[in-house]
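Trainee:
Residue numbers (the working numbering): 74 to 297.
1) Going residue by residue through the stretch 91-158, where are the continuous alpha helix (DSSP H) segments of at least 4 residues, counting only ones entirely within it?
2) Roughly how many angstroms separate the alpha carbons of residue 77 and residue 274, rounded to a whole number?
3) Report buried or exposed for residue 243, applying the criterion of at least 16 other Cβ atoms within 10 angstroms of its Cβ.
4) Quick one: measure Cβ to Cβ for residue 280 and residue 138, integer angstroms, because I've assumed they're closer than 8 Å.
5) Is it buried or exposed for residue 171, if we count other Cβ within 10 angstroms and need 16 for buried?
6) With a CB to CB cut of under 8 Å and the five nearest residues on each side skipped, what residues in its chain are close to residue 113?
7) Output the distance between the C-alpha atoms of residue 257 and residue 232, rounded to the nearest integer angstrom.
8) Could you tell me the alpha carbon to alpha carbon distance between residue 82 and residue 213, rounded to whole angstroms?
9) Quick one, are the C-beta atoms of residue 157 and residue 236 less than 8 Å apart?
10) Could you tell me the boundaries of the alpha helix (DSSP H) in which residue 202 lies?
11) Please report the distance separating the alpha-carbon of residue 277 from that of residue 210.
12) Pair every Cβ in the stretch 241-255 with every Cβ in the stretch 184-191, then say whether three or more of these pairs are closer than 8 Å.
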């Protein structure tokens, strides 16, 4: 490896432990480390977690559905893979364990990044190139083949749209983004917004109150 810097309900857990939000830079919730198990058809991963991060008490069902639907790394577009809003790293860790790389795991939450590093250190095969970083540490010229994300819907529409615009612009021409969004938190309106930005959006799967969206890069704007 290189360069590695809530209640059990169907709703997205916003408050994490004793106050705070998973998108806080430095969580205010007192640390209470624990583990959760991510069970997928091809592997099971025990992951370190803690209060103050997204879904600390269980694997978020949307995250699990996304990983169930996602093709294996060999069938994804060539290039680095990015987990945007990685939390403690279930997506990034599963990708690395499946043989993806380089893997970029990005989150504003410092506790989440530390947990993600620990989980990648435990499960990524030797020699896997991984980068666990704050968004400000992402190289300006980074281009990725695939984005795989359970995006932070609760940060608010403006911040979410800015985040997606930034990262979708990093996709290689043949790249794609795989997103999971709860239907009642605006999956369909987000898909319409993406289409309005010039992206082709494929609604891959709808299950358990979630939609899986596959998003293509926006077509280049013709210059007159």
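Beta carbons are placed, not taken as given, at the ideal position from N, Cα and C, and that holds for glycine.
Mentor: In brief:
1) Segments of the alpha helix (DSSP H) lying fully in the stretch 91-158: 134-142.
2) Note that residue 77 has pLDDT 41, beneath the 50 cutoff, so the model's placement of it is unreliable and the number below is only indicative. Distance between the alpha carbons of residue 77 and residue 274 is about 32 Å.
3) Under this definition residue 243 is a buried residue.
4) 6 Å
5) buried
6) 137, 140, 141, 167
7) 19 Å
8) Unreliable placement is indicated for residue 82, whose pLDDT of 34 sits below 50; the coordinate value is still reported in the next sentence. In a straight line, the C-alpha of residue 82 is about 38 Å away from that of residue 213.
9) yes
10) Neither: residue 202 is in no alpha helix (DSSP H) and is coded neither H nor E.
11) 32 Å
12) Cβ pair count under 8 Å is below three, so no.
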